[in-house]
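One structure is given below, encoded as structure tokens.
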Amino acid sequence: MGFFTRCTALFLATSALFNVIFASALPPLVDNKRHFVLTLTWEKISPDGVERDMFLVNGQFPGPLLEMNEGDDVVILVKNESPYNATIHYHGIEMMGTPWSDGVPGISQNHIQPGCAFTQRWKATQRGTFFYHSHSESQVNDGLYGPIVIHPALNTPKPYSMITEDPVSLHAIELAEKRRIPMVLSDWRHITSDKEWEISEQSHIEHICFDSILINGKGNVNCLSPEEQPALTTPGQAALLGLVPGAKLTTKSCLPPDVLAAIPGSPGALPVDLAVIPPDLFNKCTATTGSSDMIEVTKTKCEAEKWIMLDLIGTFGLHTVQVSLDELTMWVVAADANYVEPTAANSILVANGQRYTVLVKLPAEGPSRRYTFRVSSVSDPQILFATSTIDYRVQGSKPAQVYANNTSASASTPWINVRGVNLTSDVVFFDPSAVKPFQPAPIPRDVDKTYKFTMQIDGNNNQWAFNVTRDRDLDTAGVAPPLLFAPRPGLQDNHTITVPSEASWVDYVMQVPVGQPPHPVHAHGRHFYVLGQGSGAFKWDSVAEAVQDVPELFNLVNPPLRDTFPTPASSLEAAWLVLRRPSDNPGVWFLHCHIMSHLQGGMSMVIQDGTDDLPEIPKEFLDWSCQA
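This is the structure:
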């Protein structure tokens, strides 16, 4: 048997075997349902080389990957063996017809108290990459999150042929899809979220300083010298430092507390007390060699091409980052789990709560090689960065030579620096506003309702409002019966809107005053279309009027379909963002900024969708109570 005949036979056998192995890797169906158990504990581990108390899920961090197939009925038992109240939200999952499983305390359920368990049931009506996380206070900053992959149903149309029509390449891409690699990206502190919030409340400023960025739960503390910082300081940082004469970045490369204190609040702000802030939180940086994520990829002699699929998952508490893979091109094929027309890029902006699925073609020939995967924050509060490694091994060639410090002898050439800035003029940055859905569904030109919100500081700069005044109900979330169980029909105020049952489509206009950072807006219950954005005041009574006046700022043909999208920065002038969302999933849903300190500071709204047509709540949810 010749080489190519042997390879063809092996190729077919391996493909068939892989399909069997892939199917068996999923949790078995029980009563035609996909079952999972998530056990929450509170333990000490050292993700970046510094030990702290944090959440583990099933004894690991990040939590385990939940894999399922499109169309599965999903049952998840959450067992809270930690000392804190908690809930689990499935970020990006629309919960069609099952609003009681959305995991928001005070909205869809009560807290799961220590020693108690709660079962969530929902149908996987979507496909793609999602993640689960706590929706209690800022427990995301304590590590309570993990990835979700919903594999597409058979015969699902996919955009891969827009990259290549070569059948060999397409088969390699399909294999990469089945072997997709989660890249869970997070910012990390050495203090608990409770302690951080206590200091923020006592000092009356937002605490924006982190210690590291983690990739799949691994990382190091990186410290820049005072000599390195000036060249990496962004114009936005420089403007903020200018609020205090002579101010400089701290040893953690953060904006210092006196600069944060100088950021104006709103009327009624309390006096700032910087004395309660421990100096180490901003001014002590000790480099560590904690751990680094290493992903091994092997190309066999029988493979003509090698592709990998990476799921970029932004589980950040605060930061927005640029992501790149040295020397290689990433093809964006999905955004927030929705297929898009493939777009080639060298660096991708990932905001808090967003996900991107990318395909990467690795070299077919040549030696084994290590490529550096880079994550660089572009947020003004801090210079923060991390790396991991793709260890690419070509069968038959020597492994990449590695030095004692685990660096490659032939280091890959970066596209971006630690601040996410391009190092050469030919770097291609992905534009999230220009991405087009794959096989887009038509959207209506007219809507039934329009709501406008003003996202701003409400008091001190650690107190935030989604619409003029902050939502103080979050302080007691989960104490009273959930709002879903006792909705308030017709209520319209700064914290709650009621969408009439007869309304099919709704426009949400986010207005951001001058001086605001980008706010990653996340909607529960349904994804939305990013219709348009611009600078200055939104001076129109309706989106239709705005489209008629400035049509170049809107896309009514094939706008991006997302569940999380940031408002434009408004450093120099006000800005606005328009989202168009269907209102066909009756329930009580959350709409909020996904920055943890902003959410805990009150930047949230409740959407009551079709309260006249709410599905009947199953008895097991109505009757649930904690039996510790």
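FYI, in mature numbering (1 follows the signal peptide of the UniProt record, and there is no 0) the residues of the sequence shown are -25 to -1, 1 to 603.
Glycine is no exception: its CB is placed at the ideal position from the N, C-alpha and C atoms.
Item to check | Whole alpha helix (DSSP H) elements within the stretch 225 to 264, 4-residue minimum | outcome: 232 to 237, 255 to 258
Next on the checklist: Helix, strand or coil for E316? Go by DSSP, reduced to three states.
Outcome noted: By 1-based counting over the sequence shown, the position of residue 316 is 341. In this structure, E316 counts as strand in the three-state DSSP scheme.
Next on the checklist: Does L300 come out as helix, strand or coil in the three-state DSSP assignment?
Outcome noted: On the sequence shown, residue 300 is found 325 positions in, with the first residue counted as 1. In the structure shown, L300 sits in a strand (DSSP, three-state: E or B).
Item to check | Endpoints, beta strand (DSSP E) assigned at P122 | outcome: Within the sequence shown, the letter at position 147 stands for residue 122. Its beta strand (DSSP E) spans residues 120 to 126.
Item to check | Cut-off 6 angstroms between Cβ atoms - residues of its own chain near T226, not counting five sequence neighbours on either side | outcome: If you number the sequence shown from 1, residue 226 lands on position 251. Once the five neighbours on either side are set aside, the close Cβ partners of T226 are N258, C260.
Checklist entry - To the nearest angstrom, how far is it from the Cα of R537 to the Cα of P342? => result In the sequence shown, the residue the question calls residue 537 occupies position 562. In the sequence shown, the residue the question calls residue 342 occupies position 367. Distance between the alpha carbons of R537 and P342: 40 angstroms.
Checklist entry - Roughly how many angstroms separate the alpha carbons of F360 and T295, rounded to a whole number? => result Residue 360 sits at position 385 when you count from the first residue of the sequence shown. Residue 295 sits at position 320 when you count from the first residue of the sequence shown. Near 11 angstroms, if we compare the C-alpha coordinates of T295 and F360.
Next on the checklist: Whole angstroms are fine: how far does the CA of R463 sit from the CA of D587?
Outcome noted: On the sequence shown, position 612 is the one that residue 587 refers to. On the sequence shown, position 488 is the one that residue 463 refers to. Taking the straight line from one Cα to the other gives about 11 angstroms.
Checklist entry - Do the stretch 325 to 337 and the stretch 537 to 552 make contact, defined as three or more Cβ pairs closer than 8 angstroms? => result yes
Checklist entry - Among Q84, A206, S76, which one has its Cα closest to the Cα of V393? => result On the sequence shown, residue 393 is found 418 positions in, with the first residue counted as 1. Per the Cα distances, A206.
Checklist entry - Of the residues G576, S600, V563, which one's Cα is nearest the Cα of residue 604? => result Outside the modelled stretch of the chain, which goes from -25 to 603, sits residue 604, for which no answer is possible.
Checklist entry - Is M580 buried or exposed, if buried means 16 or more other CB atoms sit within 10 Å of its CB? => result Walking along the sequence shown from the start, residue 580 turns up at place 605. Burial call: buried.
Checklist entry - Does DSSP classify H64 as helix, strand or coil? => result What you label residue 64 is simply residue 89 of the sequence shown in a count that begins at 1. H64 falls in the strand class under three-state DSSP.
Item to check | Cβ contact (3+ pairs, closer than 8 angstroms) linking the stretch 8 to 25 and the stretch 36 to 51 | outcome: yes
Next on the checklist: On the CB-based measure, 16 or more other CB atoms within 10 Å of its CB, does Q414 come out buried or exposed?
Outcome noted: Translated into positions along the sequence shown, residue 414 becomes position 439. The residue is exposed, with fewer than 16 neighbouring Cβ atoms inside 10 Å.
Checklist entry - Can you give the beta carbon distance from A147 to K276, rounded, assuming they're within the 8 angstroms contact cut? => result Residue mapping note: residue 147 aligns to position 172 of the sequence shown, counting from 1. Residue mapping note: residue 276 aligns to position 301 of the sequence shown, counting from 1. Their Cβ separation, rounded to whole angstroms, is 14 angstroms, which puts A147 and K276 out of contact at 8 angstroms.
Next on the checklist: Among the candidates K54, L1, P58, whose CA atom is the shortest distance from the CA of M29?
Outcome noted: In the sequence shown, counting from the first residue as 1, residue 29 sits at position 54. Checked all of K54, L1, P58; the closest Cα to M29 is P58.
Checklist entry - With a Cβ-Cβ cutoff of 8 angstroms, do Q101 and E152 count as a contact? => result Taking the sequence shown and counting its residues from 1, one reaches residue 101 at position 126. Taking the sequence shown and counting its residues from 1, one reaches residue 152 at position 177. It is not a contact, given that the beta carbons lie outside the stated cut-off.
Checklist entry - With respect to the beta strand (DSSP E) encompassing E42, which residues constitute its N-terminal and C-terminal limits? => result The residue given as residue 42 occupies position 67 in the sequence shown. Per DSSP, the unbroken beta strand (DSSP E) holding E42 starts and ends at 41 to 44.
Checklist entry - If you compare alpha carbons, which of S76, S352, I592, E591 is closest to Q297? => result The residue given as residue 297 occupies position 322 in the sequence shown. Of S76, S352, I592, E591, the residue nearest in Cα terms is S352.
Checklist entry - In the structure shown, what three-state DSSP assignment does P142 receive? => result What you label residue 142 is simply residue 167 of the sequence shown in a count that begins at 1. Looking at P142 - three-state DSSP - the assignment turns out to be helix.
Item to check | Continuous beta strand (DSSP E) stretch holding M578: start and end | outcome: Indexing the sequence shown from 1 puts residue 578 at position 603. Where M578 is concerned, there is no enclosing beta strand (DSSP E), given that its DSSP letter is neither H nor E.
Checklist entry - Run through DSSP, which three-state label would H573 get? => result In the sequence shown, counting from the first residue as 1, residue 573 sits at position 598. If DSSP states are grouped into helix, strand and coil, H573 belongs with the helices.
Checklist entry - In terms of alpha-carbon separation, which member of Q508, D23, R420 lies closest to W163? => result If you number the sequence shown from 1, residue 163 lands on position 188. Checked all of Q508, D23, R420; the closest Cα to W163 is D23.
Checklist entry - For residue 606, which residues does DSSP report across the bridge? => result Nothing about residue 606 can be read from this structure; the chain reaches only from -25 to 603.
Item to check | Simplified DSSP assignment, three categories, for W75 | outcome: What you label residue 75 is simply residue 100 of the sequence shown in a count that begins at 1. Here W75 sits in helix by DSSP.
Next on the checklist: According to DSSP, is residue 609 part of a helix, a strand, or is it coil?
Outcome noted: No information on residue 609 is available, as it lies outside the stretch -25 to 603 that the chain covers here.
Checklist entry - Any idea if M269 is buried or exposed, counting beta-carbon neighbours within 10 angstroms, 16 or more meaning buried? => result On the sequence shown, position 294 is the one that residue 269 refers to. M269 is exposed by the Cβ-count criterion.
Next on the checklist: Is the beta carbon of D311 closer than 8 angstroms to that of R345?
Outcome noted: Taking the first residue of the sequence shown as position 1, residue 345 is located at position 370. Taking the first residue of the sequence shown as position 1, residue 311 is located at position 336. Taking the C-beta atoms as reference points, D311 is found no nearer than 8 angstroms to R345.
Next on the checklist: Could you tell me the alpha carbon to alpha carbon distance between I123 and N397, rounded to whole angstroms?
Outcome noted: Counting from one through the sequence shown, the residue named residue 123 turns up at place 148. Counting from one through the sequence shown, the residue named residue 397 turns up at place 422. Approximately 31 angstroms, taken between the alpha carbons.
Item to check | For S372, the three-state DSSP class (helix, strand or coil) | outcome: Position 397 of the sequence shown holds residue 372. In the three-state reduction of the DSSP assignment, S372 falls in the coil class.
Checklist entry - Does DSSP put I174 in a helix, in a strand, or in coil? => result Here residue 174 is taken as the residue at index 199 of the sequence shown, counted from 1. The DSSP-derived three-state label of I174 is helix.
Checklist entry - Relative to the C-alpha of A262, which residue among D186, A279, P239 is closest? => result Within the sequence shown, the letter at position 287 stands for residue 262. Ranking the options by Cα distance to A262, first place goes to D186.
Checklist entry - Buried or exposed: V525, going by 16 or more other Cβ atoms within 10 Å of its Cβ? => result On the sequence shown, residue 525 is found 550 positions in, with the first residue counted as 1. It counts as exposed.
Checklist entry - Mind checking whether S322 and V402 have CB atoms under 8 angstroms apart? => result Here residue 322 refers to the residue found at position 347 of the sequence shown. Here residue 402 refers to the residue found at position 427 of the sequence shown. Their beta carbons are under 8 angstroms apart, which means S322 touches V402 by this criterion.
Checklist entry - So, helix, strand or coil for F360, using DSSP? => result By 1-based counting over the sequence shown, the position of residue 360 is 385. F360: strand per DSSP, three-state reduction.
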